[in-house]
Amino acid sequence: MSGLLPHLPALIVVTPLLGGVLAPLCGKGPTKAWALATAVTWVTFALTCWLAVSVYDQGTAQYFVGTWGVGSAPGPLGAKDWTGIVGIELRVDRLNALVLCLVAGMTAVITPYARLSVAKEIPHDRLHFFYAVWLLCLTGLLGITVTGDAFNLYVLIEISSLTTYILVALGKSRDKRALTAAIRYLFMGTVGASFLLLGIGYLFMCTGTLNMAEMATRVAELRDQRGIHTAFAFVLAGLSLKMALFPVHQWLPKAYAYSPTAVSAFLASTATKVAIYGAFRFLFTVFGTEFSFGVLDANSLLIACSCIAILYGSLVAIRQSDLKRLLAYSSVAQVGYMVLGMALANREALTGTLVHMVNHALVKGAMFLAVGCMIYRLGSAKVSDLNGLGKRMPLTTVCLIVGCLGLVGVPLTGGFVSKWYLVQGALRAGLWPVAVVLLVGSLLAVLYAMRIVEPLVFGKAPEGEEVREAPPSMLLPTAALLVGSLVLGVSGSLKTGLIWTATGDLLGVGQ
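Structural data, given as structure tokens:
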């Protein structure tokens, strides 16, 4: 088994890719393709955990794809040509090891849930196609996370984006608005990808390399060039669209609200997290914090957008009558929390961002799954459908309430830990108004959480309507994610764990 260890960065991407190719061959029935997808996602998760343990103990893992060696590369205008690296590097450090485990783990938990949920929302003759696209989307997300090549990252973003558009559109059987949501996502995603490609093109023109580690070295030497500044602007704009950062968040609410529920949980748990990882990689690794937040002062813009996102997303969530739209606008606010910690760029704030990424994936994923349990039994998920649900579906109700506590940031949940670190980071940066925004955002979260909890507990159920609890195969994955959030909230080893060391690596301060 130890012979596989050096190849794990590649195997993590190849495994779901092969699964995606094989899924259509399983026939049009729902069972075989689902069983294959479940097996593939759990094998992938096991491989990512193995790799993460190795990276945590032994340091960065590298894997070289294709022809690898030294070749000539064009230099920037007015400079001599450089001798550069030829080939694609897969590179896994503590930061992307964490993201890999998060993405693979969330997919492994959601896929078993999807069997009944997806069968209710998508025609049976398309289920094998659904699982093929599901695995290809996972391939793209994992590939984005492991690659050390900027153009390869763009290609993998396109793979994940194209498959995501299809997954959202497959929700049209339950709600025709899924098609318009997918088209809006397609248009905005294409604009974001185009900006990112232009930024990478400018970086290549200036540095003569696509390897991000080499690119970082050369950007440090060329940071006064206008081409580098232009590249930064395009990359930041493209990644902001992918992260759904205010004010370019418009694709997210409809995509989450009208897609199949398992897809909503999958996207909320993985897609924006991988985009935020991409922002980390470019802002901290390629451009460097001194250039990103010192020379260009991009953190001021990001802090402003993040604070507005926290307040705007929460206020709009309070007004929603559809549960999935409420959770979607809540996600706009939660993206604000994560980007805010990144922009503050001190260790406490970065720790808060990474903890919030993990907690939001667990909690929001669980809440979408709980809403899926409602849709499975009731056929809809309006806030009005929650009236008296506590007595009719008690286990689903408990999951929704615990999820609300995690979003608000009640002590003993991961949300409390992340917001505690974010407030510490804001105060350390001397930005007490930002700390106030964080607290106000939490108070607004209480208000939209109460829109869920109040009818669950105190609402009156419609007379004569009998509703059974959701099946165990849907409840167990939902509960497992919430248990993960509670474990994150009470864990005392955070500062010595993968998250704390990952932030140290980002800032170059070690343990």
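So for the sequence shown, the working numbering puts the first residue at 15; every next one is plus one.
Ideal Cβ positions, reconstructed from N, Cα and C, are used throughout, including at glycine.
This one's a predicted model, so the numbers in the text were calculated from it and none came from an experiment.
Start and end residues, alpha helix (DSSP H) containing residue i
i	result
M407	Element bounds for M407: n/a, residue is neither H nor E.
E483	Neither: E483 is in no alpha helix (DSSP H) and is coded neither H nor E.
H374	R361 to L392
F294	T286 to F294
G327	A312 to I332
N110	R108 to E135
K571	It is not possible to answer for residue 571, since the shown part of the chain is limited to 15 through 525.
D519	L512 to L521
T275	T275 to F280
V268	Reading off the sequence shown, one finds Lys at residue 268, where the question assumed Val. W265 to Y272 is the span of the alpha helix (DSSP H), which, as asked, contains K268.
V69	P44 to Q72
A24	L22 to L36
Residue i to residue j span [Cα, whole Å]
i	j	result
S335	S394	12 Å
Y272	A192	5 Å
T427	L217	41 Å
K186	A164	35 Å
P469	G503	27 Å
R198	W265	6 Å
Y127	V385	12 Å
C151	V448	36 Å
A340	Y270	The displayed chain sequence assigns Leu, not Ala, to residue 340. Straight-line Cα distance between these residues: approximately 10 Å.
L297	P261	20 Å
L495	N313	32 Å
Q239	L310	12 Å
E235	H138	57 Å
F301	F246	8 Å
A196	K268	8 Å
F472	R465	11 Å
V416	A318	30 Å
M381	I242	42 Å
G7	L329	Absent from the model: residue 7. The displayed extent of the chain is 15 to 525, so no value can be given.
A293	A493	31 Å
A443	M407	46 Å
L441	R361	12 Å
K46	C40	6 Å
Whole-Å CB distance - residue i paired with residue j, under 8 Å assumed
i	j	result
A327	A347	In the sequence as presented, Ala is not what sits at residue 327; that position holds Gly. Indeed they touch by this definition, with Cβ atoms about 3 Å apart.
A258	V349	6 Å
A282	G379	6 Å
G439	G366	6 Å
A75	V106	4 Å
K287	L116	6 Å
Close-in-space but distant-in-sequence residues of the same chain around residue i (CB under 6 Å, 5 per side omitted)
i	result
C321	V451
V113	T159 and Y291
I173	G154
K256	G206 and A289
H370	Y351, M352 and S432
K42	D139 and H142
G522	none
H374	Q348
Own chain partners of residue i with C-beta closer than 8 Å, once the 5 adjacent residues on each side are dropped
i	result
I124	A276, A279, F280, S283, G379, L383 and P491
L18	L25
H21	Y77
K94	Bear in mind that a pLDDT of 46 at K94, under 50, signals an unreliable position, so the number given afterwards is only what the model happens to contain. Result list for K94: empty, nothing under 8 Å.
T58	I26, T29, P30, A118, T121, A122, L152 and L156
S398	S335 and P469
M488	Y127, L130, S131, L383, G386, C387 and Y390
L403	M388, T410, T411, P469, L470, G473, A475 and V481
A323	L259, F260, H263, V346, A347, V349, G350 and V353
Contacts around residue i, its chain only, beta-carbon distance under 7 Å, and the 5 residues preceding and following it disregarded
i	result
K134	Y390
L421	S344, V377, G429, A459 and A463
K405	A475
V147	T177, I180 and L181
L61	L22, L25, I26 and T29
T244	Y216
A51	G33, A37, T125, Y145, W148 and L149
L453	none
W434	none
R108	V69, Y70, L512, T515, A516 and D519
L368	L112, I513, A516 and T517
G252	G206, A207, F209, L210 and G213
T299	M226 and A230
A342	L266, P267, Y270 and A271
G498	L376
A359	T303, F307 and N313
Any non-hydrogen atom of the ligand NAP closer than 7 Å to residue i Cβ
i	result
V497	Inclusion of the ligand NAP in the displayed structure is not the case, the ligand content being empty and no account of it being possible.
Enumerate, from N- to C-terminal direction, the unbroken alpha helix (DSSP H) stretches of 4 or more residues contained entirely within the region 155–210. Positions of the alpha helix (DSSP H) runs, each at least 4 residues long and wholly inside the region 155–210, are given as 164–183 in order along the chain.
Unbroken alpha helix (DSSP H) runs of length 4 or more, entirely within the region 425–476: which are they? Listed in chain order, the complete alpha helix (DSSP H) runs (minimum 4 residues) inside the region 425–476 are 428–442 and 446–472.
Whole alpha helix (DSSP H) runs in the region 214–247 with 4 or more residues, listed along the chain? Counting whole runs of 4 or more residues, the region 214–247 contains the alpha helix (DSSP H) stretches 226–235.
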